Amino acid sequence: ALPICQARPKRLGTMRFRFCGDLDCPDWVLAEISTLAKISSVKLKLICAQVLKDLLGEGIDYEKILKLTADARFESGDVKATVAVLSFILSSAAKHNVDSESLSSELQQLGLPKEHAAGLCRSYEDKQSPLQDRLRDCSLRLMRLDSVSWRVDYTLSSSLLAQVNEPLIHLKLNLRERNGAVPQPVALTVSAEKFRILLTELKQAQEMMNSLN
Numbered sequence: 006a007l008p009i010c011q012a013r014p015k016r017l018g019t020m021r022f023r024f025c026g027d028l029d030c031p032d033w034v035l036a037e038i039s040t041l042a043k044i045s046s047v048k049l050k051l052i053c054a055q056v057l058k059d060l061l062g063e064g065i066d067y068e069k070i071l072k073l074t075a076d077a078r079f080e081s082g083d084v085k086a087t088v089a090v091l092s093f094i095l096s097s098a099a100k101h102n103v104d105s106e107s108l109s110s111e112l113q114q115l116g117l118p119k120e121h122a123a124g125l126c127r128s129y130e131d132k133q134s135p136l137q138d139r140l141r142d143c144s145l146r147l148m149r150l151d152s153v154s155w156r157v158d159y160t161l162s163s164s165l166l167a168q169v170n171e172p173l174i175h176l177k178l179n180l181r182e183r184n185g186a187v188p189q190p191v192a193l194t195v196s197a198e199k200f201r202i203l204l205t206e207l208k209q210a211q212e213m214m215n216s217l218n
């Protein structure tokens, strides 16, 4: 007979979880559920508040987290793992638009005690909407388009153009880094033909993005 391991929840085939995008829970997340259970439910909720602040771009107080995990005698690696798994759970649940009740149920299926899951999900429910807004702003975006200005010139004579009176479109894009305070201007000049191609491709990209919503 095979020995029964009680250290982690048994897998009955492949289990799918909404907060994981209807996929199986990653092994590292499953392994850290027992680490979360070593902290009291009250302190876990306070740690969740710090992780949520970090996800929302407000910074995280590691000193406070170290104090909250002191009773559990966590080593540095345990503290980092706690922050990492909470960050994954909270951000992934928000990304997949999972409600707090469903998240609580799934975390309990993974072995997190009911009181711990309830505290975590109360913190998540309070910040779900602003967290989703934050993730939407940051996802797949290196820079933000602040503004666009343009000008059309007709050149009477040029060695670069195929024909006289061919218009040139001057574009100025003001781009802002995700955390930048001052927009950076990017200027470019294109022919009318290339501008039409650019405009068509941008419209196609916009239609594809709208179809995903």
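Heads up, the sequence shown is in my numbering, so the first residue is 6 and it goes up one at a time. Yeah, the Cβ is synthetic: ideal placement off N, Cα and C, and Gly gets one too. Quantities reported herein were computed from a predicted structural model and do not represent experimental measurements.
Residue environment, residue i, which counts as buried when at least 16 other CB atoms sit within 10 Å
i	result
Leu150	exposed
Lys50	buried
Asp76	exposed
Cys25	buried
Ser154	exposed
Glu198	exposed
Ser152	exposed
Val191	exposed
Tyr129	buried
Leu73	buried
Glu182	exposed
Glu68	exposed
For residue i, the three-state DSSP class (helix, strand or coil)
i	result
Glu111	helix
Ile38	helix
Asp151	strand
Lys43	coil
Val157	strand
Phe200	helix
Phe79	coil
Thr205	helix
N-terminal and C-terminal residue of the alpha helix (DSSP H) that residue i is part of
i	result
Lys48	Ser46 to Leu60
Ala192	Segment Gln189 to Ser196 is the beta strand (DSSP E) holding Ala192; no alpha helix (DSSP H) there.
Pro31	First-last for Pro31: undefined, no H or E at that position.
Asp104	Looking at the DSSP string, Asp104 is not in any alpha helix (DSSP H), and its letter there is neither H nor E.
Ile70	Tyr67 to Leu73
Pro135	Lys119 to Cys143
Pair within 8 Å by beta-carbon distance, residue i and residue j
i	j	result
Ala122	Leu136	no
Val56	Leu91	yes
Ile70	Ile52	yes
Val47	Gly124	yes
Leu180	Met214	no
Arg21	Asp29	yes
Val187	Pro172	no
Ile38	Leu108	no
Lys132	Leu41	no
Leu204	Leu193	no
Limits of the unbroken beta strand (DSSP E) element including residue i
i	result
Arg181	Pro172 to Glu182
beta-carbon residue i near the ligand ADP non-hydrogen atom, thresh 7 Å
i	result
Ile44	In the structure on display, the ligand ADP does not appear, and there are no ligands present to speak of.
| request: Check whether the region 98-106 touches the region 126-140, counting contact only when three or more Cβ pairs, one atom from each stretch, lie closer than 8 Å. | output: yes
| field | Three CB pairs or more closer than 8 Å across the region 77-87 and the region 114-128 | value | no
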